[in-house]
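A.B. asks: Just so you know, the sequences run in chain order A and B.
When the letters of the first sequence are read in order and numbered with our numbering, they come out as residues 692 to 930.
When the letters of the second sequence are read in order and numbered with our numbering, they come out as residues 17 to 305.
Note that the Cβ used here is the ideal one computed from N, Cα and C, for glycine as well.
Keep in mind that this is a model prediction, so the values were computed, not measured.
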Amino acid sequence: MPAQSIWTLLSWGPDGWSDDIAYGVIVTVLLALATLPIGLTIGFFIALGKQSEEPSLRLAANIYTTVFRGLPELVTLFLFFFGMPILLQHLIRYFRPEATIDVNSFVAGMIVLSLIFSSYASEVFLSAFRAIPKGQYEGGYSIGLSKWQTMRLVILPQLLRIAFPGLENCWLSLLKDTSLVSVVGLAETLRNAGVAARVTKHSFLFYSIAALVFLALAIVSSFATSAILRSLGKREAQR
Amino acid sequence: MSATAALVERPPPRTRGWPRQRIVGYALVCLWIAFGLGIVSYLVFAWNPAFFAKYAPAYLQGLGVTLSLVAISMVLGAVMSVPVAYGRMSRNRILSGLAYCYVYFFRGTPLLVQTFLVYYGVGSFRPQLSEFGIYLPVISDGLTFVRFTLWDFFKDAFNCGIFAFALNTAAYQAEILRGAIESVHRGQWEGAASLGLHKLQTLRKIILPQALIVALRPYGNELILMVKASAIVAIITVYDLMGNAKLAFANSFDIQAYIWVALVYLVMVELLRHAIEWIERRITIHLKR
Chain A
692 MPAQSIWTLL SWGPDGWSDD IAYGVIVTVL LALATLPIGL TIGFFIALGK QSEEPSLRLA
752 ANIYTTVFRG LPELVTLFLF FFGMPILLQH LIRYFRPEAT IDVNSFVAGM IVLSLIFSSY
812 ASEVFLSAFR AIPKGQYEGG YSIGLSKWQT MRLVILPQLL RIAFPGLENC WLSLLKDTSL
872 VSVVGLAETL RNAGVAARVT KHSFLFYSIA ALVFLALAIV SSFATSAILR SLGKREAQR
Chain B
17 MSATAALVER PPPRTRGWPR QRIVGYALVC LWIAFGLGIV SYLVFAWNPA FFAKYAPAYL
77 QGLGVTLSLV AISMVLGAVM SVPVAYGRMS RNRILSGLAY CYVYFFRGTP LLVQTFLVYY
137 GVGSFRPQLS EFGIYLPVIS DGLTFVRFTL WDFFKDAFNC GIFAFALNTA AYQAEILRGA
197 IESVHRGQWE GAASLGLHKL QTLRKIILPQ ALIVALRPYG NELILMVKAS AIVAIITVYD
257 LMGNAKLAFA NSFDIQAYIW VALVYLVMVE LLRHAIEWIE RRITIHLKR
């Protein structure tokens, strides 16, 4: 292989690796964005379960967070990625014995990351729930709103406002955790950078680029969240 | 006493019968029980003495590697976090800027990327690293001196793991330390100064004892995070707990390799969590009213 300059390696196109890494960045962002709504929804319901009066509901929710916060992310990912096909294989054998199953690494990553994200987000939601005074619920009921309406119209807007900084932290760690999915073969930023490093033998260069990409994503999302926070504050001021 | 007791609200009476919440709750608990029983019955059903005899010692050894990795990098990180925290709190623009960049980099990028950067990236600097060396005395048939270069340090994956983990946790611990020290009221510094204590004495005798109580819980969380994150070194070919599980799975294609390791991690994290809670209860006993 002829010696190539670093600028050739970093160029866009067949000789350079920029396009591959950019493709990886898109996958990283898509994975994080696809996980976010699922994780938020599950996390919200787990928090609801944790602050409910029913002990069995609290127990079930607490087991969930204990398990998924206690297990290392990597172990959860491997258990799911290798265990799920076996389980599905056993189930599907009853219907079609010759079928085989492969778990897509994007889907597996999405499911595992939403399990982890939701268990952290549920703690944030729980502390936000505790910050809302009981009078808010009672006020909602007293003007004739149903339980669900009170939740949606009175509690949820305040809850999101209080939980926002905590959720921002969860989002940042979600962005970082997406890099783990590269281990089961998803072609995201880190994996593509790793391929480039192996082919070109410029490991330090390409892993630094991967690190800078994650740093840039964190900076961009902190700008985005501060913009959201500002607009939330403005809306509150107008009221 | 009776007046306050009357003011305290009684908890509402427990609802009877089967409201929707209770049905859902029982269903979910039953789901968890079924899940747990499923795993236990799978482990019993797939019980394989040969597998156990072959891999149990490896797992134990891996546990030792994991624990020593976490312990060494936590201690090194704690030592390195002191200058970083000092820089963060310093009034000197350059110093605080540098410390801020350090913390931002290590908290903003995934630990996996940092580990790869050290393990694979350092290989790019092999010639330069081989130049720095010290002569260490080695006792093997008489005292001889062996040249030990930086490259000899970095070619071992375990050392790379420790290096990356210590740098990473130093950033987090610096923030914990800074937060804890800043949580102590300024009046404490002023009071100590008015008693004629100088800065270091104030820090050691007045500020740190109060700050460390605040810092205990974040430190505990950081320890738990490190135990969990240490599974990452399995990817750079260190045979820690996770690394041995990977090896066992690759050899046997038996998913119980990962189930056992998950159980070990879960027990470890839960033990740590309860231990930290117990310590916190003990050392805040004087704050209870």
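Could you check what DSSP says for L152(B) in three-state terms: helix, strand or coil?
C.D. replies: Here residue 152(B) refers to the residue found at position 136 of the second sequence. In this structure, L152(B) counts as strand in the three-state DSSP scheme.
A.B. asks: In chain A, which residues lie with their C-beta within 7 Å of the C-beta of V40(B)?
C.D. replies: Locating residue 40(B) in the second sequence gives position 24, counting from the first residue. Simply L748.
A.B. asks: What is the DSSP secondary structure of L701(A), counted as helix, strand or coil?
C.D. replies: Taking the first residue of the first sequence as 1, we reach residue 701(A) at position 10. Coil, per DSSP.
A.B. asks: Relative to chain B, which residues along the segment 869 to 898 of chain A have a C-beta separation below 9 Å, given in chain order?
C.D. replies: So the list reads T869, S870, L871, S873, V874, T880, L881, A884, G885, A888, R889, K892, H893, S894, F895, L896, F897 and Y898, given in the order they occur along the chain.
A.B. asks: Which residues in the same chain have their Cβ closer than 8 Å to the Cβ of M692(A), if we skip the five residues on either side of it in sequence?
C.D. replies: Along the first sequence, one-based indexing puts residue 692(A) at 1. Any reading at M692(A) needs caution, since the residue's pLDDT is 45, under 50, leaving its predicted position unreliable; the model's value is listed next. Excluding residues within five positions, none has a Cβ falling inside 8 Å.
A.B. asks: Residues of chain B with CB closer than 7 Å to the CB of I729(A), please, in chain order.
C.D. replies: Walking along the first sequence from the start, residue 729(A) turns up at place 38. Correct list: empty, because the minimum Cβ distance to chain B is about 18 Å.
A.B. asks: From A751(A), E745(A) and G715(A), pick the residue whose C-alpha is nearest to that of L881(A); which is it?
C.D. replies: The sequence position of residue 881(A) within the first sequence is 190, counting from 1. Comparing Cα-Cα distances from L881(A) to each of A751(A), E745(A) and G715(A), the minimum goes to G715(A).
A.B. asks: Which chain A residues sit within Cβ distance under 8 Å of G93(B)?
C.D. replies: Start at 1 with the first residue of the second sequence, and residue 93(B) comes out as number 77. None at all; the shortest Cβ gap to chain A is about 18 Å.
A.B. asks: I want to check one thing, is the minimum distance from the CB of W63(B) to the heavy atoms of the ligand ZN below 7 Å?
C.D. replies: What this structure holds is no ligand at all, so the ligand ZN is not there to describe.
A.B. asks: What residues in the segment 122 to 133 of chain B bring their beta carbon closer than 8 Å to a beta carbon of chain E?
C.D. replies: Absent from the structure is chain E; the protein chains it does hold are A and B.
A.B. asks: Considering only the alpha carbon of each residue, which of P73(B), L213(B) and P35(B) lies closest to E744(A)?
C.D. replies: Taking the first residue of the first sequence as position 1, residue 744(A) is located at position 53. Cα-wise, what sits closest to E744(A) is P35(B).
A.B. asks: Within a Cβ cutoff of 7 Å, which residues of the same chain sit near A878(A), ignoring the five residues on either side of it in sequence?
C.D. replies: Position 187 of the first sequence, counted from the start, is the residue given in the question as residue 878(A). These residues qualify, in order along the chain: G715 and V718.
A.B. asks: Straight-line CA distance for Y898(A) to Y274(B)?
C.D. replies: Against the first sequence, residue 898(A) aligns to sequence position 207. Against the second sequence, residue 274(B) aligns to sequence position 258. The alpha-carbon atoms of Y898(A) and Y274(B) are separated by roughly 29 Å.
A.B. asks: Using 8 Å as the threshold, is the C-beta distance between F67(B) and S268(B) below it?
C.D. replies: Here residue 67(B) corresponds to residue number 51 of the second sequence, with the count starting at 1. Here residue 268(B) corresponds to residue number 252 of the second sequence, with the count starting at 1. Contact flag set, yes.
A.B. asks: Using a 10 Å radius around the Cβ and a threshold of 16 neighbouring Cβ atoms, would you call I737(A) buried or exposed?
C.D. replies: Mapped onto the first sequence, residue 737(A) falls at position 46. I737(A) comes out buried.
A.B. asks: Taking DSSP as the reference, what is the three-state secondary structure of R163(B)?
C.D. replies: Counting from one through the second sequence, the residue named residue 163(B) turns up at place 147. Correct three-state label for R163(B): strand.
A.B. asks: Would you be able to state if there are at least three C-beta pairs under 8 Å between the segment 181 to 198 of chain B and the segment 155 to 164 of chain B?
C.D. replies: Too few Cβ pairs lie closer than 8 Å, so no.
A.B. asks: Going along the segment 40 to 65 of chain B in order, which residues come within less than 8 Å of chain A, judged by CB to CB distance?
C.D. replies: Within the segment 40 to 65 of chain B, the qualifying residues are V40, G41, Y42, L44, V45, L47 and W48.
A.B. asks: Between Y274(B) and chain A, is any beta-carbon pair separated by less than 8 Å?
C.D. replies: In the second sequence, counting from the first residue as 1, residue 274(B) sits at position 258. By this cut-off, Y274(B) is an interface position.
A.B. asks: Could you say which of I754(A), A822(A) and V815(A) lies nearest to G857(A) if we only look at CA atoms?
C.D. replies: Residue numbering aside, residue 857(A) sits at position 166 when the first sequence is read from its first letter. The candidate whose alpha carbon is nearest that of G857(A) is V815(A).
A.B. asks: Can you pull the chain B neighbours of V720(A), defined as C-beta to C-beta under 7 Å?
C.D. replies: Residue mapping note: residue 720(A) aligns to position 29 of the first sequence, counting from 1. Ordered by position in chain B, no residue passes the 7 Å Cβ test against V720(A), which lies about 14 Å from the chain.
A.B. asks: Could you name each continuous alpha helix (DSSP H) segment of 4 residues or more that falls completely within the segment 26 to 88 of chain B, going from the start of the chain to the end?
C.D. replies: Fully enclosed alpha helix (DSSP H) runs of 4 or longer: 36 to 61.
A.B. asks: What would DSSP say about M17(B), mapped onto helix, strand or coil?
C.D. replies: In the second sequence, residue 17(B) corresponds to position 1, counting from 1. The pLDDT assigned to M17(B) is 45, lower than 50, so where the model puts this residue is not dependable; a value taken from the coordinates is nonetheless given after this. Coil at M17(B), not helix or strand.
A.B. asks: Counting only beta-carbon atoms, is F174(B) nearer than 8 Å to chain A?
C.D. replies: The residue labelled residue 174(B) in the question sits at position 158 within the second sequence. For F174(B), the answer is no, since every Cβ of chain A falls outside 8 Å of its Cβ.
A.B. asks: Would you call the segment 204 to 223 of chain B and the segment 37 to 44 of chain B in contact, with 3 or more CB pairs under 8 Å?
C.D. replies: Segments in contact, no.
A.B. asks: Cα-Cα, which of T699(A), Y755(A), G704(A) and A723(A) is closest to L866(A)?
C.D. replies: Here residue 866(A) is taken as the residue at index 175 of the first sequence, counted from 1. Ranking the options by Cα distance to L866(A), first place goes to A723(A).
A.B. asks: For chain B, check one thing: does any of its Cβ atoms lie closer than 8 Å to the Cβ of A909(A)?
C.D. replies: To locate residue 909(A), count along the first sequence from 1; it is residue 218. Judged by the 8 Å Cβ criterion, A909(A) is in contact with chain B.
A.B. asks: Apart from the five residues just before and just after V916(A), which ones in its own chain have a Cβ nearer than 8 Å to its Cβ?
C.D. replies: Residue numbering aside, residue 916(A) sits at position 225 when the first sequence is read from its first letter. Inspection of the sequence shows that residue 916(A) is occupied by Thr rather than by Val. F855, E859 and W862.
A.B. asks: So G11(B) contacts chain A; which residues on that side make the cut at Cβ distance below 7 Å?
C.D. replies: Absent from the structure is residue 11(B), since the part of chain B shown begins at 17 and ends at 305.
A.B. asks: Just to confirm the assignment, what range does the alpha helix (DSSP H) spanning Y255(B) have?
C.D. replies: As a working mapping, residue 255(B) is identified with position 239 in the second sequence. Where Y255(B) is concerned, there is no enclosing alpha helix (DSSP H), given that its DSSP letter is neither H nor E.
A.B. asks: Compare the C-alpha of Y281(B) against each of A266(B), R297(B) and A261(B) and name the closest.
C.D. replies: Here residue 281(B) refers to the residue found at position 265 when the second sequence is read from its first residue. Closest by alpha carbon: A261(B).
A.B. asks: Please report the straight-line C-alpha distance between R233(B) and F914(A), rounded to a whole angstrom.
C.D. replies: Residue numbering aside, residue 233(B) sits at position 217 when the second sequence is read from its first letter. Residue numbering aside, residue 914(A) sits at position 223 when the first sequence is read from its first letter. Rounded to the nearest angstrom, the two C-alpha atoms are 29 Å apart.
A.B. asks: In chain B, which residues lie less than 7 Å from F769(A) when you measure between Cβ atoms?
C.D. replies: Stepping through the first sequence from its first residue, residue 769(A) is reached at position 78. Near F769(A) (Cβ distances below 7 Å), the residues of chain B are Y274.
A.B. asks: Going along chain B, which residues have a C-beta under 8 Å from F914(A)?
C.D. replies: The sequence position of residue 914(A) within the first sequence is 223, counting from 1. What F914(A) touches in chain B: nothing, since even the nearest Cβ is about 13 Å away.
A.B. asks: What is the rounded straight-line gap between the Cα of G734(A) and the Cα of M842(A)?
C.D. replies: Within the first sequence, numbered from 1, the residue matching residue 734(A) stands at position 43. Within the first sequence, numbered from 1, the residue matching residue 842(A) stands at position 151. Distance between the alpha carbons of G734(A) and M842(A): 15 Å.
A.B. asks: Taking only the alpha-carbon atoms, compute the straight-line gap between E293(B) and K244(B) and give it to the nearest angstrom.
C.D. replies: Along the second sequence, one-based indexing puts residue 293(B) at 277. Along the second sequence, one-based indexing puts residue 244(B) at 228. Approximately 18 Å between the Cα atoms of the pair.
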